[in-house]
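Visitor: Before we start, here is the structure in question, set down as structure tokens.
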Amino acid sequence: RASPSKGDICRDLDPAALARSYERGGAAALSVLTDEAFFKGGPADLQAARNACSLPVLRKDFIISEYQIYESAAWGADAVLLIVRILSANQLAEFLALSAELGLDALVEVHTASEVDSAIKASANLIGINNRNLASFDTDLQTAVSLIGKLEPHQMAVAASGISSRQDIEQNLKAGISRFLIGESLVRAENPQTFLTHLIHG
Numbered sequence: 041r042a043s044p045s046k047g048d049i050c051r052d053l054d055p056a057a058l059a060r061s062y063e064r065g066g067a068a069a070l071s072v073l074t075d076e077a078f079f080k081g082g083p084a085d086l087q088a089a090r091n092a093c094s095l096p097v098l099r100k101d102f103i104i105s106e107y108q109i110y111e112s113a114a115w116g117a118d119a120v121l122l123i124v125r126i127l128s129a130n131q132l133a134e135f136l137a138l139s140a141e142l143g144l145d146a147l148v149e150v151h152t153a154s155e156v157d158s159a160i161k162a163s164a165n166l167i168g169i170n171n172r173n174l175a176s177f178d179t180d181l182q183t184a185v186s187l188i189g190k191l192e193p194h195q196m197a198v199a200a201s202g203i204s205s206r207q208d209i210e211q212n213l214k215a216g217i218s219r220f221l222i223g224e225s226l227v228r229a230e231n232p233q234t235f236l237t238h239l240i241h242g
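Here the numbering used here runs 40 ahead of the position in the sequence shown, where the first position is 1.
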């Protein structure tokens, strides 16, 4: 619905309808914002998306407590977002362990080389490389491309933020990145299903 960097994006967003269109368009999973203060999301959005399709659902939020991880499981999430920038090394390790204990996957978000090192040290398996600097909100699609080489062979990379065209996808594919978290460009698309299919298949 909104973001700190762009303001209102889609005030009348229908999570269930979007979830169904993403599934038909070929999405492998859903990312649902549940932060209310900055993104105008909430648990109802996650549950609506969860009930509308068969795709696994990531709770995208500022997770800073164990309670939120228990909460995510109770809401029906399949995975949680853990942002290295806002967590201590101990918190990251503890939250990864708790997520696994509750049967949740964890997408560990990084933006810098040192944050990649922290994710590796914490034994994270799924690494989301955010092209957007959370301090300045500047977006650079070269961020994921430049950091992918630091990951361990067993770790899976997801490029996030700024992906808006098939050309962006192909640039990442050449660098070895084949998983993408796409938000704003899909929400703004006139026909999200058709747009997503084009992003995937060209």
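Just so you know, even glycine gets a beta-carbon here, dropped at the ideal spot from N, CA and C.
(1) With a CB to CB cut of under 7 Å and the five nearest residues on each side skipped, what residues in its chain are close to residue 242?
(2) Pairs of beta-carbons, one from the stretch 129-139 and one from the stretch 78-89, closer than 8 Å: are there three or more?
(3) Once you ignore the five residues that flank residue 170 on each side, which residues in its own chain have a CB closer than 6 Å to its CB?
(4) Using DSSP with H/G/I as helix, E/B as strand and the rest coil, what is residue 78?
(5) So the beta strand (DSSP E) residue 100 belongs to, where does it begin and stop?
(6) Once DSSP output is grouped into helix, strand and coil, what is the label at residue 230?
(7) Taking three-plus beta-carbon pairs below 8 Å as touching, is the stretch 93-100 in contact with the stretch 108-124?
(8) According to DSSP, is residue 171 part of a helix, a strand, or is it coil?
(9) Any idea what DSSP makes of residue 47, helix, strand or coil?
(10) Exposed or buried, what is residue 230 when buried is set at 16 or more other beta-carbons lying within 10 Å of its beta-carbon?
(11) Identify whether residue 136 lies in helix, strand or coil by the three-state DSSP scheme.
Guide: From the atom records:
(1) Within the sequence shown, the letter at position 202 stands for residue 242. So the qualifying residues of the chain are 206.
(2) Taking 8 Å as the limit for Cβ pairs, the verdict is that the stretch 78-89 does not touch the stretch 129-139.
(3) Reading the sequence shown from its first residue, position 130 is the one you call residue 170. Same-chain partners within the cutoff: 149, 151, 200, 201.
(4) Against the sequence shown, residue 78 aligns to sequence position 38. Here residue 78 sits in coil by DSSP.
(5) Counted from its first residue, the sequence shown places residue 100 at position 60. Segment 97-100, the beta strand (DSSP E) holding residue 100.
(6) In the sequence shown, counting from the first residue as 1, residue 230 sits at position 190. Coil, per DSSP.
(7) A contact exists between the stretch 93-100 and the stretch 108-124.
(8) Working through the sequence shown from its first residue, we reach residue 171 at position 131. It is coil, neither helix nor strand.
(9) Residue mapping note: residue 47 aligns to position 7 of the sequence shown, counting from 1. Model confidence at residue 47 stands at a pLDDT of 48, short of 50, so the residue's coordinates are unreliable; what they give is reported in the following sentence. Under the three-state reduction of DSSP, residue 47 is assigned to strand.
(10) Taking the sequence shown and counting its residues from 1, the one referred to as residue 230 is at position 190. Exposed, by the Cβ-count rule.
(11) Here the question's residue 136 lines up with position 96 in the sequence shown. Helix, per DSSP.
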